[in-house]
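From first to last, the protein sequence lines stand for chains Z and X.
The first sequence runs 710 to 822 under our numbering.
The second sequence runs 61 to 171 under our numbering.
What follows is a single structure, written as structure tokens, with notes after it.
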Amino acid sequence: EPEVTQTPSHQVTQMGQEVILRCVPISNHLYFYWYRQILGQKVEFLVSFYNNEISEKSEIFDDQFSVERPDGSNFTLKIRSTKLEDSAMYFCASSDAPWGGYTFGSGTRLTVV
Amino acid sequence: KNEVEQSPQNLTAQEGEFITINCSYSVGISALHWLQQHPGGGIVSLFMLSSGKKKHGRLIATINIQEKHSSLHITASHPRDSAVYICAVRGPGGGADGLTFGKGTHLIIQP
Numbered sequence: 710e711p712e713v714t715q716t717p718s719h720q721v722t723q724m725g726q727e728v729i730l731r732c733v734p735i736s737n738h739l740y741f742y743w744y745r746q747i748l749g750q751k752v753e754f755l756v757s758f759y760n761n762e763i764s765e766k767s768e769i770f771d772d773q774f775s776v777e778r779p780d781g782s783n784f785t786l787k788i789r790s791t792k793l794e795d796s797a798m799y800f801c802a803s804s805d806a807p808w809g810g811y812t813f814g815s816g817t818r819l820t821v822v
Numbered sequence: 061k062n063e064v065e066q067s068p069q070n071l072t073a074q075e076g077e078f079i080t081i082n083c084s085y086s087v088g089i090s091a092l093h094w095l096q097q098h099p100g101g102g103i104v105s106l107f108m109l110s111s112g113k114k115k116h117g118r119l120i121a122t123i124n125i126q127e128k129h130s131s132l133h134i135t136a137s138h139p140r141d142s143a144v145y146i147c148a149v150r151g152p153g154g155g156a157d158g159l160t161f162g163k164g165t166h167l168i169i170q171p
């Protein structure tokens, strides 16, 4: 069964450093998403991406975040200057249609120290 | 903004019991998702509903759009069903709208 692949599975970074989280969505999917889950809290929407541009973003997705689909297969989330409160599990997801089902990646656990 | 409430927050049951998890939301939606999250953290999509009822194996999901309520049922529960079950809704605009998640129901099935 097709999968959404996320790398790395765990990343530790120093506060103030830039990190890039990588995702390979399912190949025929068109809609891509990033979500995060702070430990012990509910999953929160960050951003959706379609047709090479951001479709919707939450208030969490401020200027320190950016997304990119650099080569037609990868979908990346960049955090420019990490803060302690960015520590969370980050999930990538993709969908094949606007009202289609989701497939989630297994997540990247980001720890900012 | 949609508010998604799940009940119960925690549920412990014996193997074989019939399980019901409830989800209610405050604003009209285009779809509702039931998701499963295991201790390792990964999220698996179980169902997407916009009306009626769906069944997959021992899992059944129903939705009542008028009442803004959905239920997830597990028949003949088994310890491997132990996980967090999450309800998430997509706004009425559908499309690329992000999902709004509930806090999840932590289910433990004891042998």
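We put the CB at the ideal spot given by N, CA and C, even for glycine.
All of these numbers come straight from a predicted model, not from anything done at the bench.
Exercise for the section: Determine the burial state of H93 (chain X): buried for a count of at least 16 other Cβ atoms within 10 Å of its Cβ, exposed for fewer. Expected result: With 16 or more neighbouring CB atoms inside 10 Å of its own CB, H93 (chain X) falls in the buried class.
Practice task
Using 10 angstroms around the beta-carbon of S790 (chain Z), count the other beta-carbons present and answer buried if the total reaches 16, otherwise exposed.
Solution key: By the 10 Å Cβ count, S790 (chain Z) comes out exposed.
Exercise for the section: Please name the residue, chosen from Z:I763, Z:N783 and Z:D795, that lies closest to L748 (chain Z) on a Cα-to-Cα basis. Expected result: The shortest C-alpha separation from L748 (chain Z) is found at Z:D795.
Handout entry: chain X contact residues for T812 (chain Z), given Cβ-Cβ distances below 8 Å
Key = Among the residues of chain X, those whose CB is under 8 Å from the CB of T812 (chain Z) are S105, following chain order.
Practice task
State the Cα-Cα distance for the pair W743 (chain Z) and T122 (chain X), rounded to the nearest angstrom.
Solution key: Roughly 27 Å between the two C-alpha positions.
Exercise for the section: Return the residue from the list Z:P717, Z:S764 and Z:T722 that minimises the CA-CA distance to L730 (chain Z). Expected result: Out of Z:P717, Z:S764 and Z:T722, Z:P717 has the C-alpha closest to the C-alpha of L730 (chain Z).
Handout entry: Cut-off 7 Å between Cβ atoms - residues of its own chain near T72 (chain X), not counting five sequence neighbours on either side
Key = Excluding sequence neighbours, T72 (chain X) sits near I168 and Q170.
Problem - Closer than 9 Å at the beta carbon, the chain Z residues around H98 (chain X) - result: Within chain Z, no residue comes near H98 (chain X); the closest Cβ sits about 10 Å away, beyond 9 Å.
Handout entry: Counted within 10 angstroms of its Cβ, other Cβ atoms place Y781 (chain Z) as buried (16 or more) or exposed
Key = In the sequence on display, residue 781 (chain Z) carries Gly and not Tyr. Classification of G781 (chain Z): exposed, given that the 10 Å Cβ count is below 16.
Exercise for the section: With a cut-off of 8 Å on the beta carbons, I'd call T165 (chain X) and Q96 (chain X) a contact; round off their distance for me. Expected result: T165 (chain X) to Q96 (chain X), Cβ: 10 Å. No contact.
Exercise for the section: Name, please, each residue of chain Z whose Cβ falls closer than 9 Å to the Cβ of L71 (chain X). Expected result: Listed along chain Z is no residue with a C-beta nearer than 9 Å to that of L71 (chain X); the closest approach is about 17 Å.
Problem - K656 (chain Z) versus Z:A806, Z:V756 and Z:F774, residue with shortest Cα-Cα distance - result: It is not possible to answer for residue 656 (chain Z), since the shown part of chain Z is limited to 710 through 822.
Problem - Contact with chain X by G876 (chain Z), beta-carbon distance below 9 Å - result: Any answer about residue 876 (chain Z) is impossible in this case: the structure gives chain Z only from 710 up to 822.
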